[in-house]
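Here's the structure, in structure tokens; my notes come after.
2 protein chains.
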Amino acid sequence: MARPREFDTDEALERAMQVFWQHGYQDASLPDLLDGMGLTRGSLYKAFKDKKSLFLLVLDRYESAQVDAGVAMLTDPANGDGRTRVLALFGGLVAAVAAGDHRGCLLCTAASSAAADDVEIASAVHGGLAKLQQGIEAAIADIEGIAPGDRLRLANTLLTQYIGLRMLARSRLPMGILEQSVEGVADILDRAAR
Amino acid sequence: MARPREFDTDEALERAMQVFWQHGYQDASLPDLLDGMGLTRGSLYKAFKDKKSLFLLVLDRYESAQVDAGVAMLTDPANGDGRTRVLALFGGLVAAVAAGDHRGCLLCTAASSAAADDVEIASAVHGGLAKLQQGIEAAIADIEGIAPGDRLRLANTLLTQYIGLRMLARSRLPMGILEQSVEGVADILDRAAR
DNA sequence: ATAGTTCGGAACCGATTGTTACACAACTCA
DNA sequence: TGAGTTGTGTAACAATCGGTTCCGAACTAT
């Protein structure tokens, strides 16, 4: 009935996520996206409406890929006890930076930018972070010695730590913080568990 | 010999800081700055060279005003013991947000934006954060029961916590984290001191 | 008075922003 | 094969960006 699409929508979305992840919502220019996605203006607007709609799809993809993977790791008993799983989350973060990944967290970057003024974007960002929050809380619940009443507060502390570290990862600042952050988190966990 | 400046340079710089604080370096447009500072293009370029030079002056002002004030509070024994001083830092942060201040941290915002690619800006940002790091470490040194070898790591953990909280403050997300963050920090301190 | 400097303000620069319009190509279905 | 439909590619859009340059007016110091 009509001409078929010459590119794979899913793959284009994946590439768009990489561009937004590196540059943020506003600082990712349309030429940046077109280059990264490998298509032209006409195709992009035909397939994804406009820049904001594309970003909302990317946020959704990020949540169902990156965030859900982290939550799955935090909640799967096969990965060890709760303490091990939490430390694995932060260890993965440090390892990524050591490997040259300075993109930080797509959600955190969006949350602190002017993009957060948009209701739909803010809502999507909030959903992703809340999901991560619950993942951390679930892992904490699998650590012995931590009172149930302390779980939420501790989870919030760790989520804040996670956000701070990902911002530092993005900054490329030689503060020497990331290198010993896992030990710092381990201290928090071990001293909370008594 | 010449016509005197009709505006106060210091006051203009203060207003410029407010604009950059709220919008970040890139997202603060020239009209934004002109409106906020209450002067015209000709005057701004005559007095401050260009946008980047103005921002560097603002970063310097931020460090010698906001950061130094925080460090002074962290290091002055008149404000109580080290624990009290650290908690006051975070308490002030929470109070500011509760009062409607969602500007976050000028240094943190700059650090995570593309402005950090500029060497001079990155250097100034690093200097400010390092100063804060040392202030926190000094306060920790005044807490009994914390081994000297643990101070730096604990200071880094708290600085990360501080950065994360200020990013959350900027996001306006209703995560319910800021409200109980002081208790979370108190837990970290109390459990580290044994 | 005069030389020197800064003022506010407008005009303009080239570049970039996200978006739209349109002609053409490609495909399916009858 | 031809009609109908949709994607592709490119040009052009209006708006804004940061930055620069000009101007007559205002003012001070010599």
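Chains as they are written, first to last, in UniProt numbering: chain A, 1 to 194; chain B, 1 to 194.
Don't be surprised by glycine CBs; every beta carbon is placed ideally from N, CA and C.
Could you spell out where the alpha helix (DSSP H) holding residue i opens and where it closes?
i: Phe90 of chain B; result: 82-98
i: Tyr25 of chain A; result: Neither: Tyr25 of chain A is in no alpha helix (DSSP H) and is coded neither H nor E.
i: Gly70 of chain A; result: 68-75
i: Gln161 of chain B; result: 148-171
i: Asp60 of chain B; result: 51-62
Give the DSSP-derived three-state secondary structure of residue i in the structure shown.
i: Ile121 of chain A; result: helix
i: Ser113 of chain A; result: coil
i: Asp187 of chain A; result: helix
i: Ile136 of chain B; result: helix
i: Lys46 of chain A; result: helix
i: Thr9 of chain B; result: helix
i: Arg103 of chain A; result: coil
i: Gly38 of chain A; result: coil
i: Ala130 of chain B; result: helix
i: Asp32 of chain A; result: helix
i: Arg3 of chain B; result: coil
i: Arg194 of chain A; result: coil
i: Met175 of chain A; result: coil
i: Glu14 of chain B; result: helix
Measuring from the CB of residue i, is there a heavy atom of the ligand MG at a distance below 7 Å?
i: Gly128 of chain B; result: You won't find the ligand MG in this model; it holds no ligand whatsoever.
Just the chain B side, please: which residues come within less than 8 Å of residue i by C-beta, in chain order?
i: Val97 of chain A; result: The contacting residues do not exist; Val97 of chain A stays about 13 Å from chain B at best.
i: Ser181 of chain A; result: Asn156, Thr157, Thr160
i: Gly184 of chain A; result: Arg153, Leu154, Asn156, Thr157, Thr160
Rounding to the nearest angstrom, what Cα-Cα distance links residue i and residue j in this structure?
i: Arg101 of chain A; j: Asn79 of chain A; result: Checking the displayed sequence, the identity of residue 101 of chain A turns out to be Asp instead of Arg. Rounded to whole angstroms, Asp101 of chain A to Asn79 of chain A spans 24 Å at the Cα level.
i: residue 199 of chain B; j: Val185 of chain B; result: The requested residue 199 of chain B does not occur in the structure, where chain B is confined to residues 1 to 194.
i: Leu165 of chain A; j: Ala122 of chain B; result: 17 Å
i: Asp60 of chain B; j: Leu154 of chain B; result: 27 Å
i: Ala47 of chain B; j: Asp27 of chain B; result: 22 Å
i: Glu120 of chain A; j: Gly91 of chain A; result: 32 Å
i: Ser64 of chain B; j: Ala69 of chain A; result: 43 Å
i: His23 of chain A; j: Arg3 of chain B; result: 45 Å
i: Ala130 of chain B; j: Phe7 of chain B; result: 33 Å
i: Ser113 of chain B; j: Asp190 of chain B; result: 35 Å
i: Gln133 of chain B; j: Asn156 of chain B; result: 7 Å
i: Arg172 of chain A; j: Thr109 of chain B; result: 13 Å
i: Thr75 of chain B; j: His126 of chain B; result: 20 Å
i: Pro148 of chain A; j: Asp187 of chain B; result: 15 Å
i: Tyr162 of chain A; j: Leu106 of chain B; result: 20 Å
i: Ala139 of chain A; j: Ala96 of chain A; result: 21 Å
i: Asp117 of chain B; j: Asp81 of chain A; result: 40 Å
i: Phe55 of chain B; j: Val67 of chain B; result: 16 Å
i: Arg15 of chain B; j: Asp32 of chain B; result: 11 Å
i: Ser43 of chain A; j: Asp50 of chain A; result: 11 Å
If the cut is a Cβ gap below 7 Å, which residues of chain A does residue i touch?
i: Gln134 of chain B; result: The contacting residues do not exist; Gln134 of chain B stays about 11 Å from chain A at best.
i: Ala116 of chain B; result: Ser171, Arg172
i: Ala140 of chain B; result: As written in the sequence, residue 140 of chain B is Ile, which differs from the Ala given in the question. Near Ile140 of chain B there are no residues of chain A at all, since even the closest Cβ is about 13 Å away, more than 7 Å.
Name the chain A residues that come within less than 9 Å of residue i, Cβ to Cβ?
i: Gln26 of chain B; result: Gln26, Asp27
i: Ala78 of chain B; result: Those do not exist, as Ala78 of chain B stays about 29 Å from chain A at its closest Cβ, beyond 9 Å.
i: Val125 of chain B; result: Ser171, Leu173
i: Met73 of chain B; result: In chain order: nothing, as chain A lies at least about 20 Å away.
If the cut is a Cβ gap below 9 Å, which residues of chain B does residue i touch?
i: Asp187 of chain A; result: Asp150, Arg153, Leu154, Thr157, Ile188, Arg191, Ala192
Output, in chain order, the set of chain A residues within a Cβ distance shorter than 8 Å of residue i.
i: Ala130 of chain B; result: Met175
i: Met167 of chain B; result: Cys108, Ala111, Ser112, Ile163, Gly164, Met167
List the residues of chain B whose Cβ lies closer than 7 Å to the Cβ of residue i, in chain order.
i: Gly104 of chain A; result: Ser112
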